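**Q**
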Amino acid sequence: MTTPASPCRGDGTRRQWLKAAGTASAGAVALAATAPVRARIRTSARIVIAGSGLGGLAVASRLGALLDGATITIVDAKREHHYQPGFTLVATGVWPVDKVRDTNAAYLPDNVQWVQEMVAGFDPAANVVVTAAGRRIAYDYLVVATGLHLDYAQIAGMDVAAIGTNGLASVYASPQAAAATWSALDAFRAKGGHAVMTLPAGPLKCAGAPLKMTFMVADRLKQAGTLAASKIDFHTGLPADTVFGVKVVNDAVLTRWKTLGVHAHYLSKLVGVDIGARRATFATPEGERSTVDYDFLHVVPPMRAPDVVKASDLAWKEGPFAPGGWLEVDKATLQHRRYPNVFGIGDINGTPRGKTAATVKKSAPVVAGNLAALIAGRPMTETFDGYTSCPLIVREGSAMLIEFDYEGRLTPSLPMIEPLQESYLAWLMKVRMLKPAYVAVLKGRV
Ligand SMILES: Cc1cc2nc3c(=O)[nH]c(=O)nc-3n(C[C@H](O)[C@H](O)[C@H](O)COP(=O)(O)OP(=O)(O)OC[C@H]3O[C@@H](n4cnc5c(N)ncnc54)[C@H](O)[C@@H]3O)c2cc1C
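Here the numbering used here runs 31 ahead of the position in the sequence shown, where the first position is 1.
In structure tokens form, the structure reads like this:
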């Protein structure tokens with residue numbers, strides 16, 4: 032484990048940054064304290080929430096506070112709760128793995144029932160979900176919060192259990208995979224060599240994570256004195272000069288990578304890996320294949336909706352979100368476009384951008400508020416602008432806080448943080464302030 036080394040730079044001292052951070056938290060608390068209070072809505076509605084990750088728990092907490100008398104049932108077999116935004120910190124040796132593991136029970140609101148099974152089928156025409164054990168749960172309103180599926184199976188030879196061995200790394204799979212990724216990176220940095228980083232085309236949760244991993248691989252090599260003797264290649268399925276969906280951020284990253292000596296390869300999708308031989312296979316859209324030997328490989332899997340959503344009538348049937356089977360919601364109200372008693376929250380939503388915990392923070396009040404209005408027979412007034420945010424780590428002790436909306440417009444929320452300028456404050460937010468904020472979202476407090 033390491034601690035940030037001399038992180039102050041630019042136009043402020045460490046003390047000024049800390050003061051600014053304090054002002055930011057105080058502002059957030061003040062905002063929460065002045066939020067309007069409305070009488071709880073009396074209802075006997077039956078609400079089912081599929082998924083108890085960040086989105087499911089955040090909406091459950093908010094609905095519990097807005098409604099009086101509703102039966103709220105969360106369906107999810109998973110008992111551990113993972114603070115996924117911390118995975119990159121575990122995978123790069125900044126945090127111990129314990130910091131990202133918790134129990135779901137700790138965050139389940141008192142007035143919510145928990146069915147500890149997976150949803151095996153959605154029948155929205157009958158207003159029923161069917162669990163893996165065959166139990167049929169009827170609802171008046173449904174919130175889909177299943178997150179997404181990491182499709183490692185699309186990469187021939189990939190074995191998630193082998194992460195951490197033979198230079199194989201992947202931050203996404205689990206806390207264990209993140210910790211094993213750090214073992215692989217820690218061993219690699221001692222000698223250096225050929226690092227191969229990957230990024231598939233298509234929607235990703237925290238699309239900045241593959242970029243953060245690349246920056247941190249370079250930084251760890253630099254700290255170990257092995258960067259000059261190493262080569263870092265970044266292969267992406269995206270078109271030329273594209274590694275991120277927001278142009279100004281993309282360009283800022285590519286400029287930094289040029290300085291660091293990271294070589295980007297475009298329209299180059301990871302399709303196979305020979306873990307024992309440390310050899311990766313890439314393909315162009317035309318199907319032309321090439322193989323690359325590596326010492327360290329960071330695998331980012333393609334992502335799609337879980338089968339249970341993809342195969343259901345709740346998925347988009349046409350358009351750009353249909354192939355991934357994403358949930359067909361209106362991007363502003365987050366209400367299903369064909370089943371008005373169904374809403375979506377979090378990574379499962381078939382909307383442009385918006386697969387981050389920060390998205391859930393801003394959209395949980397929209398989903399809960401609109402659902403409560405629907406129950407009360409009032410017009411739905413809440414709208415979501417696609418807010419997506421990601422502290423893009425550029426080295427240990429420094430990050431850029433990137434915030435944007437559906438249109439890719441930058442939407443900075445803290446006046447003291449310039450979006451494209453790296454700072455110690457943005458790093459501090461990532462390592463110290465965002466986890467407490469995440470927990471507050473789980474509890475429906477912000
Ligand atoms: C490596 C990494 C780095 C990240 N970095 C950041 C960051 O810096 N900033 C940021 O804001 N966000 C970040 N994120 C993204 C953030 O963690 C997710 O966007 C957020 O957790 C989404 O919440 P969710 O509720 O949609 O999905 P999840 O939190 O993944 O929860 C989904 C839940 O649904 C359950 N489920 C799945 N299938 C079913 C089923 N059939 N029936 C019932 N339940 C089911 C699962 O068991 C799980 O509990 C990162 C994510 C990763 C992996």
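Here a beta-carbon is modelled for each residue, glycine too, at the ideal position from N, C-alpha and C. Given the structure is predicted, the values throughout are model-derived calculations rather than measurements.
Return the bridge partner residues of residue 153 from the DSSP annotation.
**A** For residue 153, which the question treats as bridged, DSSP gives the partners 160.
**Q** Where does residue 139 sit, in a helix, a strand or coil, going by DSSP?
**A** The answer is coil: DSSP assigns residue 139 none of H, G, I, E or B.
**Q** Measure the CB-CB distance between residue 206 and residue 131 and report whether it falls below 8 Å.
**A** Contact: yes.
**Q** Have a look at 169, 253, 294 and 148 and flag the residue whose alpha-carbon is nearest the alpha-carbon of residue 156.
**A** The option with the nearest alpha carbon to residue 156 is 169.
**Q** From residue 415 to residue 245, what distance separates their C-alpha atoms?
**A** So the alpha carbons of these two residues sit roughly 31 Å apart.
**Q** Taking 8 Å as the threshold (C-beta atoms), are residue 176 and residue 87 in contact?
**A** Yes, they are a contact pair.
**Q** Return the CA-CA distance between residue 332 and residue 305, expressed in angstroms with no decimal places.
**A** Looking at the two C-alpha atoms, the distance is approximately 16 Å.
**Q** Give every residue of the same chain whose Cβ lies closer than 7 Å to the Cβ of residue 284, excluding the five residues on either side of it in the sequence, and list them in chain order.
**A** Taken in chain order, the residues that qualify are 242, 274 and 275.
**Q** CA-CA distance, residue 64 and residue 477?
**A** Note that residue 64 has pLDDT 37, beneath the 50 cutoff, so the model's placement of it is unreliable and no number is given.
**Q** Looking at C-alpha atoms only, which residue of 446, 93 and 179 is the closest neighbour of residue 341?
**A** Among 446, 93 and 179, the Cα nearest to that of residue 341 is on 179.
**Q** Using 10 angstroms around the beta-carbon of residue 412, count the other beta-carbons present and answer buried if the total reaches 16, otherwise exposed.
**A** Residue 412 comes out exposed.
**Q** Quick check on the DSSP output: the beta strand (DSSP E) that includes residue 303 runs from which residue to which?
**A** It spans 300 to 305 - the beta strand (DSSP E) in which residue 303 sits, taken as one unbroken run.
**Q** Kindly indicate which residue of 439, 431 and 474 has the alpha-carbon position closest to the one of residue 454.
**A** Selected option, being the one with the closest Cα: 431.
**Q** Determine the closest residue to residue 113 out of 370, 312, 388 and 439, with distance taken between C-alpha atoms.
**A** Closest by alpha carbon: 388.
**Q** Starting from residue 375, trace the alpha helix (DSSP H) both ways and give me its first and last residue.
**A** Counting along the chain, residue 375 falls outside any alpha helix (DSSP H), though it belongs to the beta strand (DSSP E) covering 373 to 375.
**Q** Mind checking residue 364: buried by the 16 CB within 10 Å criterion, or exposed?
**A** Under this definition residue 364 is a buried residue.
**Q** Which runs of the alpha helix (DSSP H) spanning at least 4 residues fall entirely within the segment 359 to 426, listed in chain order?
**A** 388 to 407, all fully within the segment 359 to 426.
**Q** Tell me, please, whether the segment 136 to 155 touches the segment 433 to 451 by the rule of three or more beta-carbon pairs shorter than 8 Å.
**A** No: fewer than three Cβ pairs fall under 8 Å.
**Q** Would the beta-carbon of residue 328 fall within 8 Å of that of residue 221?
**A** It is not a contact, given that the beta carbons lie outside the stated cut-off.
**Q** Roughly how many whole angstroms lie between the Cα atoms of residue 143 and residue 231?
**A** Their Cα atoms are separated by approximately 38 Å.
**Q** What distance in whole Å lies between the Cβ atoms of residue 386 and residue 278, which are believed to be in contact at a cut-off of 8 Å?
**A** Actually they do not touch by this definition, with Cβ atoms about 19 Å apart.
**Q** To the nearest whole angstrom, what separates the beta carbons of residue 298 and residue 330, a pair I think is in contact under 8 Å?
**A** Their Cβ separation, rounded to whole angstroms, is 18 Å, which puts residue 298 and residue 330 out of contact at 8 Å.
**Q** With respect to the alpha helix (DSSP H) encompassing residue 469, which residues constitute its N-terminal and C-terminal limits?
**A** Counting along the chain, the alpha helix (DSSP H) containing residue 469 begins and ends at 465 to 473.
**Q** Going by the DSSP bridge assignment, what does residue 181 pair with across the sheet?
**A** Bridge partners of residue 181: 334.
**Q** By Cβ distance below 7 Å, which residues in the same chain neighbour residue 270 in space, the five residues on each side in sequence not counted?
**A** Counting only Cβ-Cβ distances below 7 Å, and skipping sequence neighbours, we find 297 and 298.
**Q** Near residue 196, what residues of its chain come up, given a Cβ to Cβ distance below 6 Å and the 5 sequence neighbours on each side ignored?
**A** Same-chain partners within the cutoff: there are none.
**Q** Assign residue 427 to one of two classes, buried (16 or more other C-beta atoms within 10 Å of its C-beta) or exposed (fewer than that).
**A** It counts as buried.
**Q** Given the structure, does residue 322 come close to ligand 1, in the sense that its CB is under 7 Å from one of the ligand's heavy atoms?
**A** Answer for residue 322: no, Cβ out of range of ligand 1.
**Q** Should the segment 397 to 411 be regarded as contacting the segment 91 to 108, the criterion being three or more beta carbon pairs within less than 8 Å?
**A** Judged by Cβ distances under 8 Å, the segment 397 to 411 makes contact with the segment 91 to 108, as three or more pairs qualify.
**Q** Answer with buried or exposed for residue 321, where buried requires no fewer than 16 other C-beta atoms within 10 angstroms of its C-beta.
**A** Result: exposed.
**Q** Mapping DSSP to helix, strand and coil, what is residue 258?
**A** Coil.
**Q** By the three-class DSSP mapping on this structure, what secondary structure does residue 199 have?
**A** It is a strand residue.
**Q** Ignoring anything shorter than 4 residues or poking outside the segment 189 to 235, list the alpha helix (DSSP H) runs there in chain order.
**A** Counting only runs of 4 or more, we get 206 to 222.
**Q** Please indicate yes or no: does the CB of residue 115 lie closer than 7 Å to some heavy atom of ligand 1?
**A** Residue 115 Cβ: within cutoff of ligand 1.
**Q** Do residue 194 and residue 208 have their beta-carbon atoms positioned less than 8 Å apart in this structure?
**A** Yes.
**Q** Which whole-angstrom value describes the C-beta separation of residue 78 and residue 101, a residue pair presumed to lie in contact below a C-beta threshold of 8 Å?
**A** 6 Å between Cβ atoms; contact.
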